[in-house]
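Comments concern the structure below.
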Amino acid sequence: MAKLFLFAIGGTGSRVVKALTMLMASGVEIKNTETIIPIIIDPDSANGDLTRTVDILKLYKEIREKGSSKDTGFFQVKLSSLDELGDQRFVSDNFKFDIDGVKEQLFKDFIGYSELDRNNRAFASLLFSKANLEADMEVGFKGNPNIGSVVLNKFKDSDFFRKFASNFEQDDRIFIISSIFGGTGAAGFPLILKNIREARSPVPHHHFLQHARIGAVTVLPYFGVDKNEQTSIDSNTFISKTKAALSYYARNVSGNNSINALYYIGDKVTNDQKGADGAHEQRNKAHFIELAAALSIVDFMELPDADLQVDQGRAVAPRFYEFGLKNETQAVTFDDMAMQTYDIVARPVTCYALFRNFMEYHYEEISRDRGEAWASNGNNKLATAEMDSRYKAAIHMFNKHFAEWVEEMSGSNVAFRPVNLQKSGKDLYNLVNNKPAKKSMMKSLFHGSGLDNFVGILSKKEPEFDHLKNTQKLMALFYHAAAEVAQKEIGI
């Protein structure tokens, strides 16, 4: 089965990968691929957005490796690091491409400014301001794509690029995530695309790269930052930088048919993020735009090969897309989404929210104290004492990230409020906002409501999955029980 190489550039790239990982954990299907290989490109290796996303990717891998089976949709898509591919593969959770020479020196040292003769030094001073030349690149390019384009051009000469090329096969696809209003993403996207399309010998599999099916999402301004002493970034420059980048893309990306499918997305800029140049202080809150950008990857992978043909290194019929909602609103729920988006997102996210709320509010007590059939029956029992403690801890940590992701999106300037993760007990089925659970007198009398009803469904379905080891059984059982509740009790 074909692979998807997912290049995520800069902080926005990391946050979109985080959103995609949450969707995949929930059971959103990624078609035409068996394995996704995230490759995060960010000179700021301590970036809070990057480190949080890497933690989430590692947890996803651990949960999937122990709990995935053909009987569950949760955590179904395989994630792999580049190191794990090929004949020399080894266990690795390194999803980052480290750029040589960035951490140790200023930009002027990186380009050998002091070693230039007088005329070339004068020319470099025309291209780069004094602040550019004195820039410390350890926390990224601080919104300067002119610096980023020079540094990131080393990508094509790296061992990392050769390893990627060695493992790229004819039917694989590539997708690139970047923002257009900063430094790393705006510079990185066209450079990576150019290096792939213009790959030549001795680059391994260069013919496959030249004719690769490539998609990308370019994220236009969608947030601003508070100007303070911790940041040199000025949100007022985002629009002018975007116009300049779009003009360049019109000639060198869309204009020369380098890309098969290009997705555009953005939003009104409001200063709703704390300003920081980088490192661990740059930990932006999740935003609905990042979820929408992640859906562009889902859409791209649904496109048939016939729609993504390449001839002589150029896309035959490039496609361009935007994202829209059914209802214009500042607080998006499932019902505000267009039908195609609703069908992709609503039920999986609801199912995972049910699983998450049960695990966080009820699992320990019920499986330990009540001796319910779903937890205590069968050869592979699901009671807390029977479960791998590290596996439970991984689920708990992933659920913490999931709740944080949902909570942060609920406060963005276009808020996304699909579920209420505080619902529990008898109120469990009311977790989907604007969609109360179906009411029935007979259900209340004989089958209970909320938690009691859910426990009953779990007990009824438990024997179906007793052939699985208990970590797999847990995922399969809750996936199918949550799907039944979402459909029959919540109506989603």
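My numbering puts the first residue of the sequence shown at 124, with every later residue one more than the last. Where is the CB? At the ideal position from N, CA and C, for every residue including glycine.
CB contact flag (residue i, residue j, <7 Å)
{"i": "A409", "j": "M532", "result": "yes"}
{"i": "A517", "j": "L143", "result": "no"}
{"i": "G134", "j": "T594", "result": "no"}
{"i": "N318", "j": "K279", "result": "yes"}
{"i": "I489", "j": "E495", "result": "yes"}
{"i": "F130", "j": "I315", "result": "yes"}
{"i": "S370", "j": "R320", "result": "no"}
{"i": "V139", "j": "A416", "result": "yes"}
{"i": "A538", "j": "I613", "result": "no"}
{"i": "M598", "j": "F197", "result": "yes"}
{"i": "I132", "j": "G389", "result": "no"}
{"i": "I467", "j": "A368", "result": "no"}
{"i": "L600", "j": "K583", "result": "no"}
{"i": "M424", "j": "I159", "result": "no"}
{"i": "N503", "j": "K391", "result": "no"}
{"i": "S137", "j": "D172", "result": "yes"}
Residue i versus residue j - alpha carbon distance
{"i": "I300", "j": "S499", "result": "45 Å"}
{"i": "G150", "j": "Y386", "result": "23 Å"}
{"i": "G529", "j": "E413", "result": "A small correction: the amino acid at residue 529 is Val; Gly does not occupy that position in the sequence shown. Looking at the two C-alpha atoms, the distance is approximately 12 Å."}
{"i": "G573", "j": "Y345", "result": "38 Å"}
{"i": "F233", "j": "L256", "result": "9 Å"}
{"i": "R493", "j": "K562", "result": "26 Å"}
{"i": "F331", "j": "F411", "result": "35 Å"}
{"i": "L229", "j": "T507", "result": "53 Å"}
{"i": "V376", "j": "F588", "result": "50 Å"}
{"i": "T307", "j": "P427", "result": "31 Å"}
{"i": "D194", "j": "L591", "result": "9 Å"}
{"i": "R323", "j": "L343", "result": "32 Å"}
{"i": "A469", "j": "T341", "result": "25 Å"}
{"i": "S419", "j": "F298", "result": "10 Å"}
{"i": "R491", "j": "Y465", "result": "37 Å"}
{"i": "S547", "j": "F577", "result": "11 Å"}
{"i": "E238", "j": "S252", "result": "18 Å"}
{"i": "T174", "j": "K201", "result": "20 Å"}
{"i": "R244", "j": "A258", "result": "17 Å"}
{"i": "V542", "j": "A148", "result": "16 Å"}
{"i": "R374", "j": "K523", "result": "44 Å"}
Coil, strand or helix - residue i by DSSP
{"i": "F130", "result": "strand"}
{"i": "I315", "result": "helix"}
{"i": "G338", "result": "strand"}
{"i": "H329", "result": "helix"}
{"i": "E495", "result": "coil"}
{"i": "V537", "result": "coil"}
{"i": "F481", "result": "helix"}
{"i": "D240", "result": "coil"}
{"i": "L385", "result": "strand"}
{"i": "E152", "result": "coil"}
{"i": "H403", "result": "Interpretation of H403 is limited by its pLDDT of 47, a score under 50 that renders its predicted location unreliable; no figure is taken from the coordinates."}
{"i": "F601", "result": "helix"}
{"i": "S281", "result": "coil"}
{"i": "V376", "result": "coil"}
{"i": "L229", "result": "strand"}
{"i": "S582", "result": "helix"}
{"i": "I303", "result": "coil"}
{"i": "I613", "result": "helix"}
{"i": "R470", "result": "helix"}
C-beta neighbour in chain B for residue i, strict 7 Å
{"i": "I297", "result": "Chain labels in this structure do not include chain B; a single protein chain is all it has."}
Touching by the beta-carbon criterion (3+ pairs, under 8 Å), the segment 291-308 and the segment 332-339
Yes, the segment 291-308 touches the segment 332-339.
Check whether the segment 440-450 touches the segment 161-180, counting contact only when three or more Cβ pairs, one atom from each stretch, lie closer than 8 Å.
Not touching, per the Cβ criterion.
Length-filtered (3 minimum) beta strand (DSSP E) runs lying within the segment 155-221
Taking 3 residues as the shortest admissible run, the segment 155-221 contains the following complete beta strand (DSSP E) segments, listed from N- to C-terminal end: 158-164.
Is the segment 124-132 touching the segment 443-455, taking contact as three or more C-beta pairs under 8 Å?
At 8 Å Cβ cutoff, the stretches do not touch.
Stretch pair the segment 549-562 + the segment 446-466: three plus CB contacts closer than 8 Å:
Here the segment 549-562 lies against the segment 446-466, with 3 or more beta-carbon pairs under 8 Å apart.
Under 8 Å: do the segment 470-485 and the segment 598-615 share three or more Cβ pairs, one atom per stretch?
Pairwise C-beta distances place the segment 470-485 in contact with the segment 598-615, as three or more of them are shorter than 8 Å.
Beta strand (DSSP E) runs wholly inside the segment 405-467, at least 3 long, in chain order:
Runs of the beta strand (DSSP E) inside the segment 405-467: 442-445.
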